[in-house]
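Residue numbers (my numbering): 18 to 198.
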């Protein structure tokens, strides 16, 4: 395999996975810029340990994003304490997780609030499953949980989202919920 082919494979991999990883990192970081830095650092670490770009190791990439994000958050908290002690202000976080087009802003804000209302462990699983496209086994590998725990958190998250969004079904243009037997 030529070096150009390897570079093209990595570019395609980055283009495919970066938006998903960015959304995942955004759960823990204070800004989109921090999330972008986290994703880049995770890719560098992944590439150093996995120069062949083996797709079986993608859950490890998500685990790296999680770990680096938590480190960045700890660093931000320490910096905020130092700045507060020195009377410096810390800038507010920037854009919301979802940057909706104007015509869908209300629905997306409603969905964002619903997802953010989930407990962190459920929110993480939903993000990895729906937006990350990972399987339960891959999520389990990325988070260090069992597959059954991941599946349960996903079910609980969907139930909670259904409950929170039920009063807004007409606003969202959703079909009525299926009748249960």
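No residue lacks a Cβ here, since even glycine has one placed at the ideal position from N, Cα and C.
Computed from a prediction, not measured in an experiment: that's the story for all the values here.
query                                                                                                                                      : result
Under a three-way DSSP split, which group does residue 57 fall into?                                                                       : helix
Nearest to residue 138 by alpha carbon, out of 152, 127, 161, 150?                                                                         : 161
Can you tell me the Cβ-Cβ gap for residue 97 and residue 135, rounded? I've got them flagged as a contact below 8 Å.                       : That pair is no contact at about 25 Å.
Between the alpha carbons of residue 185 and residue 62, how many angstroms are there, rounded?                                            : 43 Å
Residue 154 and residue 164: beta carbons closer than 8 Å?                                                                                 : yes
What did DSSP end up calling residue 47 once you bin it into helix, strand or coil?                                                        : coil
Work out the CA separation of residue 26 and residue 140 for me, nearest whole Å.                                                          : 31 Å
Span of the alpha helix (DSSP H) holding residue 135?                                                                                      : Taken as a continuous stretch (DSSP letters only), residue 135 belongs to no alpha helix (DSSP H), as it is neither H nor E.
To the nearest angstrom, how far is it from the Cα of residue 94 to the Cα of residue 53?                                                  : 18 Å
Run the CB neighbour count on residue 51, radius 10 Å, all protein chains shown included, and call it buried at 16 or more, exposed below. : buried
Tell me the rounded alpha-carbon separation between residue 117 and residue 74.                                                            : Confidence at residue 117 is low in this model, with a pLDDT of 47, below 50, so the placement of that residue should be treated as unreliable; the coordinate-derived value is given next. C-alpha separation (whole angstroms): 31 Å.
Under the three-state reduction of DSSP, which class applies to residue 182: helix, strand or coil?                                        : helix
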